[in-house]
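As you go down the protein sequences, you meet chains S and P in turn. Under our numbering, the first residue of the first sequence is numbered 1, with each subsequent residue one higher. Under our numbering, the first residue of the second sequence is numbered 1001, with each subsequent residue one higher. Every residue gets a Cβ at the ideal spot worked out from N, C-alpha and C, and that includes glycine. Being a predicted model, the structure only gives us computed values, none of them experimental.
2 protein chains.
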Amino acid sequence: MKPIPFISGIARIFAIGALLALGVRAHAQTDPLPSWNDGPAKQAVVEFIQATTTQGSPKFVPPAERIAAFDQDGTTWVEQPLYSQVMFAFHQVGLLAKKDPKVAGAEPFKTVLSGDRAAIAKLAIKDLEKIIFATHTGMTVEAFKASVKEWIATAKDPRWNRPYTELVYQPMLEVMKYLRENGYKTYIVTGGGQDFVRVFSEQVYGIPPEQVVGSAVDTKFGYDKNGQAILTKVPKVVLIDDKAGKPAGIHLMIGRRPVAAFGNSDGDRQMLEYTQAGDGARLMMLVHHDDAEREYAYGPKSKVGTFPDTLMVEAKKNGWTVISMKNDWKRIFAWQQ
Amino acid sequence: MKPIPFISGIARIFAIGALLALGVRAHAQTDPLPSWNDGPAKQAVVEFIQATTTQGSPKFVPPAERIAAFDQDGTTWVEQPLYSQVMFAFHQVGLLAKKDPKVAGAEPFKTVLSGDRAAIAKLAIKDLEKIIFATHTGMTVEAFKASVKEWIATAKDPRWNRPYTELVYQPMLEVMKYLRENGYKTYIVTGGGQDFVRVFSEQVYGIPPEQVVGSAVDTKFGYDKNGQAILTKVPKVVLIDDKAGKPAGIHLMIGRRPVAAFGNSDGDRQMLEYTQAGDGARLMMLVHHDDAEREYAYGPKSKVGTFPDTLMVEAKKNGWTVISMKNDWKRIFAWQQ
């Protein structure tokens, strides 16, 4: 029997309603962390977000307090064999040498230009500071931004022959997105330069420049030849956003204590301690590089991203979650399958 | 004739639609700046917001770039007879003296405690720095926050006998809200201490702590007696967010150039110049205190909030809008009618 039109209309409305309801349910059941294997690390993220964002939960965190801090090098992207910002600095030394032969002949630039890896690896902190100042100061903030923009669009990692911005960890992008969808404000808190990271943070992480906290040099206000106001980067350190400097940087730039913090090395220890020392629910996670095949395996003796045994001891003692890249991550990069 | 039920239902739906449409229109026609008199200043705000947020407008600014910076003292609240943060510092000196008699006997604290206004007015910058360090450092960031919270809830301005948080300019609150409703991110960019302003910025301005840029001392990471991570404020200046320091502070903390900036004194000159030097639409405004009856009238010779004649000349030359409190503001405080 053909239903009479009126009933047919009602039935259609109900059918649409049912489909919509199913749609909502399907959405709620979609795994927000598809690149994570089931296990304690994934569970820690999911439980933390549920506990802190469910109204009436004893661990509920008001939206304004939902601050999550992510270290960058080794936590959200590859840091081996050298920090990409160091690769950028070396590239800029090459450009400087082309413009000014005196640079080419002087140390430590000469060593950088030689390409001699063993010699480069032996450069002292003082030398690196000289290289950073030479390549990161003396220009307007816009000129520096343009130089990073150009480099990041063209430079490629030696192992995978891909742009550095493709060497971000897909599982961490999923955590960031999941946090934001639940009202968290995500920040990069990096030992690297904030002016460097700010150039690509929005595109790569969905994090706007004003939510990047990092090491910074001072800027000097002045005027260009047309009398226009400009800011020039000058060789005076304002913030070394590493180790004990990370909580200080967070306080300076955000003014709130994070409730969640993600790191991967000794440089993140104090940030995780500071995060944990707040009241209520807390999430502290450390990425452990134990996957030589898909990425790198390194530990206490690495030149970058040191993860000393004492950090592992502290993580266990404090209940921090250690993420095993090998076991907890289904895939590491978006382009891996 | 009574309409048949079906038609009646249709009519009701149309009636609701018409009411909704009217509602939308009524909303669109609501004056977003009711405390402003019609005139060039109000018009400048309205035209700027319309030009920068209307899709297809030649002056359209993408949402991510919509940054507006507001000085605080004299721009969003009263700064006479003394900056309220100085009043706070003097109050804290009293508390310190109660705890430690040595403080009471030593200069410059002795002068502050004397209450002798003429002598206090003569204190040198060095003395004020001593007072600021004594009252703003040596405690955890939480303890400092608690002391500001207590003071701001109880202290009253000598002229109106009202809390300082009631001495905010209603017309500026309306501008902030209007900007935010149009996708702008509003920032306080103050010469005052950011840790001081962050305590009440959300409640008073609707601006979260992470959007307050101000002068700052360093913090030192450490542990309390229970081994918990803490940050202690230390007497080392990180940022003096005044004059040429304002653009530098904006770059450090926000990393983008504002498209709109509001100030009231010589200390805001460089922030307005820096804002103006960007491409596209720009709005630079200066609050001029010319209303002795409802607030204060002061100019080049004032000890706080100096507005030298050269600033007025530069405003005219650069096309900055000078707001006359007397003529442009219908009311100054929310409680005034």
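Contact with chain P by residue i, beta-carbon distance below 8 Å
{"i": "residue 261 (chain S)", "result": "no"}
{"i": "residue 4 (chain S)", "result": "Model confidence at residue 4 (chain S) stands at a pLDDT of 49, short of 50, so the residue's coordinates are unreliable and nothing is read from them."}
{"i": "residue 218 (chain S)", "result": "yes"}
{"i": "residue 229 (chain S)", "result": "yes"}
{"i": "residue 133 (chain S)", "result": "no"}
{"i": "residue 107 (chain S)", "result": "no"}
{"i": "residue 221 (chain S)", "result": "yes"}
{"i": "residue 212 (chain S)", "result": "yes"}
{"i": "residue 163 (chain S)", "result": "no"}
{"i": "residue 209 (chain S)", "result": "yes"}
Neighbour flag for residue i against chain S, beta carbons, 8 Å
{"i": "residue 1196 (chain P)", "result": "no"}
{"i": "residue 1083 (chain P)", "result": "no"}
{"i": "residue 956 (chain P)", "result": "Absent from the model: residue 956 (chain P). The displayed extent of chain P is 1001 to 1337, so no value can be given."}
{"i": "residue 1314 (chain P)", "result": "no"}
{"i": "residue 1062 (chain P)", "result": "no"}
{"i": "residue 1034 (chain P)", "result": "no"}
{"i": "residue 1026 (chain P)", "result": "Interpretation of residue 1026 (chain P) is limited by its pLDDT of 48, a score under 50 that renders its predicted location unreliable; no figure is taken from the coordinates."}
{"i": "residue 1327 (chain P)", "result": "no"}
Per-residue burial, residue i [other beta carbons within 10 Å of its own, 16 or more giving buried]
{"i": "residue 1185 (chain P)", "result": "buried"}
{"i": "residue 1295 (chain P)", "result": "buried"}
{"i": "residue 257 (chain S)", "result": "buried"}
{"i": "residue 193 (chain S)", "result": "buried"}
{"i": "residue 282 (chain S)", "result": "buried"}
{"i": "residue 279 (chain S)", "result": "exposed"}
{"i": "residue 1313 (chain P)", "result": "exposed"}
{"i": "residue 1264 (chain P)", "result": "buried"}
{"i": "residue 1233 (chain P)", "result": "buried"}
{"i": "residue 31 (chain S)", "result": "exposed"}
{"i": "residue 198 (chain S)", "result": "buried"}
{"i": "residue 1298 (chain P)", "result": "buried"}
{"i": "residue 1147 (chain P)", "result": "buried"}
{"i": "residue 1067 (chain P)", "result": "buried"}
Partners in chain P for residue i, counting only beta-carbon separations shorter than 8 Å
{"i": "residue 141 (chain S)", "result": "1251"}
Problem - Within 7 Å of chain P by C-beta, residues of the segment 236-264 of chain S in sequence order - result: Within the segment 236-264 of chain S, 238, 244, 247, 248, 251, 252, 253, 254, 255, 256 place their CB atoms closer than 7 Å to a CB of chain P, listed in sequence order.
Exercise for the section: Could you tell me which uninterrupted beta strand (DSSP E) segments, each at least 3 residues in length, are contained entirely in the segment 1249-1312 of chain P, listed from first to last along the chain? Expected result: Taking 3 residues as the minimum length, the beta strand (DSSP E) runs contained wholly in the segment 1249-1312 of chain P are 1260-1263, 1283-1288, in order along the chain.
Problem - Residues within the segment 274-307 of chain S neighbouring chain P, beta-carbon criterion of under 8 Å - result: Cβ contacts with chain P: 274, 276, 277.
Handout entry: Residue ranges of each beta strand (DSSP E) within the segment 63-146 of chain S, 3 or longer
Key = Listed in chain order, the complete beta strand (DSSP E) runs (minimum 3 residues) inside the segment 63-146 of chain S are 67-70.
Handout entry: Ranges of the alpha helix (DSSP H) found wholly within the segment 1151-1188 of chain P, counting only runs of at least 4
Key = Here the runs fully enclosed are 1170-1181.
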